[in-house]
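Engineer: Have a look at this one.
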């Protein structure tokens, strides 16, 4: 979720609105096929209080994908179920990565702000100390002799 409160009457692609006959028509499948897919856990529509199935636009799209994988690709239903599970897992992991990247960006910004605050707190009257290279040369200082005038 994006943190905003949703209008309970707002329709999204996850809103379950289609009865099984309409979902069957929209997906191009027989209602009995939809019941079978539900029993196998391929597409799990929401249920009404009377236990009737209600399909969302996302469910319809998933039904079409199952149909395409089954008929065009020749993948069996167990394979399709595994594909769907893996796609859901990938989507969840991508969402988690996005969350972690956002948290990392926030932490990096906080660190930069704190670093800038530390640098701003430095005393400007202090001069950085630079180490002088030491040599073994001996320097002797002798005061100049004043010349006497005669």
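Residue numbers (the working numbering): 1 to 150. Backbone N, C-alpha and C fix where the C-beta goes; we use that ideal spot for every residue, glycine too.
Can you tell me which of the three DSSP states residue 18 falls into?
Structural biologist: Along the chain shown, one-based indexing puts residue 18 at 18. Reduced to three states, the DSSP call for residue 18 is strand.
Engineer: Is DSSP giving residue 145 helix, strand or coil here?
Structural biologist: Your numbering for residue 145 matches position 145 in the chain shown. Residue 145 falls in the coil class under three-state DSSP.
Engineer: Leaving out five residues on either side along the sequence, give the residues of the same chain with a beta carbon under 6 angstroms from the beta carbon of residue 32.
Structural biologist: Position 32 of the chain shown, counted from the first residue, corresponds to residue 32. Cβ neighbours of residue 32 beyond the five flanking positions: none.
Engineer: Which class does residue 123 belong to by DSSP, given the choice of helix, strand or coil?
Structural biologist: Indexing the chain shown from 1 puts residue 123 at position 123. Coil at residue 123, not helix or strand.
Engineer: Considering just the uninterrupted stretch of the alpha helix (DSSP H) at residue 31, what are its terminal residues?
Structural biologist: Indexing the chain shown from 1 puts residue 31 at position 31. That run of the alpha helix (DSSP H) goes 31 to 40.
Engineer: Determine the direct distance from the alpha carbon of residue 15 to that of residue 122, and round the result to whole angstroms.
Structural biologist: Your numbering for residue 122 matches position 122 in the chain shown. Your numbering for residue 15 matches position 15 in the chain shown. Straight-line Cα distance between these residues: approximately 57 angstroms.
Engineer: Are the region 85 to 103 and the region 45 to 52 touching by the rule of at least three beta carbon pairs closer than 8 angstroms?
Structural biologist: Not touching, per the Cβ criterion.
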